[in-house]
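Here the structure is laid out as structure tokens; the discussion comes afterwards.
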Amino acid sequence: MKINKLIGFFNIRRLFFLTMCLVFSMMTMLIHAQQSSGDTNYSRYAGSQKKYTFTVQPLYLLSGGLKFDFEMRLGNGPGWLQFSPSVYYRDGNMNNNEYIYYGQTLHYTDWHPYWIHEPFSKLRGAGLDVNYKRFINVRRDFYTAAGLTYAHYNIKYWGFDGYEFIEDGLPYYGYKLGNQTQSINRLGANWYFGFRIPTRNAFVLDMFWGLGYRHSFSERDKPQYDDNFLTYGWTGFSFLAGMKIGFGIK
């Protein structure tokens, strides 16, 4: 377990360095573009943007969830307010397992993608991000955004649980295989850069990348699901990247 955490730490360091290089390059290009154009009249380009947008982040399907974004432009300036609710709903149907327990054969299913070392049989969860987004150069549709995030996960998994029983008037303790539950609450902050492809119609395509920090709270005597920043119980820096697809409403 310590070796896995050490490897994960060095991976995070490499991703952090790469992200900082991308951010520096992005800022250099944006500053050069603004100096070249000399145009900071954001209201001039507000007409090409919708007042409200609704998008979905399809990459969340890989982790058993789906994330939506509701954005509202603040006046005719470069600022936007963004609310991003997420839902997680996944049942274990990837692996069929068989376990013989005191002569009794138990069958159960779990979900075990390659980036999670601890499988689970059921995932339920919900979360919400609140971000402030500001276009750095509205004509080119480059922006930066920052905000807070919260998520709650209820994860069921197959494991052994201790129990007490009485035999011949004496107390005994044993273990049995059954469905256990781990609850995780995760808080964090986001900071990222993105690019929205400018269009004159209602279609919205958005790509972003950046950094975040997560801190998770869970029951320590149960699986933590904290192998890397893609898992639900991760604590530490996270690499953010994705795309949004949706439409705008005037």
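For the sequence shown, our numbering begins at -4 and goes up steadily by one. We put the CB at the ideal spot given by N, CA and C, even for glycine.
Environment of S260 [buried if 16+ CB atoms lie within 10 Å]: Residue 260 is absent from the model: the chain starts at -4 and stops at 245.
State the DSSP-derived secondary structure class of L54, mapped to helix, strand or coil. L54 sits in a helix when the DSSP states are folded into three classes.
Minimum length 3: unbroken beta strand (DSSP E) runs contained in the region 112 to 175: Whole beta strand (DSSP E) segments, 3+ residues: 117 to 132 and 137 to 162.
Output the boundary residues of the beta strand (DSSP E) element that contains K215. Here the sequence assigns Arg to residue 215, which means Lys is not the residue at that position. Per DSSP, R215 lies in no beta strand (DSSP E) and is assigned neither H nor E.
Integer-rounded CB distance, given that N174 should sit under 8 Å from G142: So it is not a contact: roughly 36 Å between Cβ atoms.
Judging by CA-CA distance, which residue of G74, E159 and G169 is the nearest neighbour of D136? G74 is the residue among G74, E159 and G169 whose C-alpha sits nearest the C-alpha of D136.
Have a look at G60 and R85 and give me their C-alpha separation to the nearest angstrom. In this structure, the straight-line span from the alpha carbon of G60 to that of R85 is close to 7 Å.
Following a CB-centred definition, is F137 positioned closer than 7 Å to any heavy atom of the ligand NAP? As for the ligand NAP, it is missing from this structure, which has no ligand bound.
How would you label V125, buried or exposed, when you count the other beta carbons within 10 angstroms and need 16 or more for buried? V125 is exposed by the Cβ-count criterion.
Local Cβ density within 10 Å of K245, reported as buried at 16 or more and exposed below that: The residue in question, K245, is exposed, as its Cβ has fewer than 16 Cβ neighbours within 10 Å.
Between which two residues does the beta strand (DSSP E) containing G60 stretch? That run of the beta strand (DSSP E) goes G60 to R68.
What's the C-alpha gap between T144 and P166? Spanning the two alpha carbons is a distance of roughly 47 Å.
Take every Cβ of the region 143 to 160, pair it with every Cβ of the region 114 to 131, and state whether three or more of those distances are shorter than 8 Å. Judged by Cβ distances under 8 Å, the region 143 to 160 makes contact with the region 114 to 131, as three or more pairs qualify.
Exposed or buried, what is G228 when buried is set at 16 or more other beta-carbons lying within 10 Å of its beta-carbon? With 16 or more other Cβ atoms within 10 Å, it is buried.
Just how far apart, CA to CA, sit F188 and S116? Computed Cα separation, rounded: 36 Å.
Per DSSP, the bridge partner or partners of W75: Per DSSP, the beta-bridge partners of W75 are R68 and K128.
Rounded C-beta distance between V199 and G241? I'm assuming under 8 Å. Correct: roughly 5 Å between the Cβ atoms.
How long is the line joining the alpha carbons of D216 and G207, rounded to whole angstroms? Their Cα atoms are separated by approximately 27 Å.
List the residues that DSSP assigns as beta-bridge partners of T48. DSSP lists E66 and G243 as partners of T48.
Where does D163 land, buried or exposed, given buried means 16+ other C-beta within 10 angstroms? Here D163 is exposed: its Cβ has fewer than 16 other Cβ atoms, across all protein chains shown, within 10 Å.
Our contact map puts D156 next to Y168 with C-beta atoms below 8 Å; I'd like the distance itself, whole angstroms only. Actually they do not touch by this definition, with Cβ atoms about 11 Å apart.
How is D221 classed by DSSP in three states: helix, strand or coil? In the structure shown, the three-state DSSP call for D221 is coil.
Whether E220 touches I131 by CB criterion (8 Å): Note that residue 220 is Tyr in the sequence shown here, rather than Glu. No. Outside cutoff.
Looking at C-alpha atoms only, which residue of K128, E159 and S233 is the closest neighbour of L182? Out of K128, E159 and S233, the CA that lies nearest to the CA of L182 is found in S233.
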